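J.:
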Amino acid sequence: MRKSTILLLIGAFIAAVGAGLSIANIEPYADYVLVLGAAIIIIRGFIRNHED
114 MRKSTILLLI GAFIAAVGAG LSIANIEPYA DYVLVLGAAI IIIRGFIRNH
164 ED
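All you need for the working numbering is the position in the sequence shown, starting with 1, plus 113.
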């Protein structure tokens, strides 16, 4: 697997965990986890553009 695909899977998993925390009303941590998942997915786009 390429690095970009692995980062996409990790980012999606982290965003899903953040969504679960948000549903469970664990508010302070849910926001941080959702932002972290989105940041990983955005960084993945930059890495994908520079991959061979």
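Every residue, glycine too, gets a C-beta built ideally from N, C-alpha and C. Since we're looking at a predicted model, the values are computed, not measured.
(1) From what residue to what residue does the alpha helix (DSSP H) around isoleucine 154 run?
(2) Once the 5 residues before and after alanine 125 are set aside, which same chain residues still bring their CB inside 8 Å of it?
(3) Using only the alpha-carbon positions, how far apart do alanine 143 and glutamate 164 sit?
T.: Quick answer:
(1) That run of the alpha helix (DSSP H) goes 140 to 163.
(2) Gly150, Ile154
(3) 31 Å
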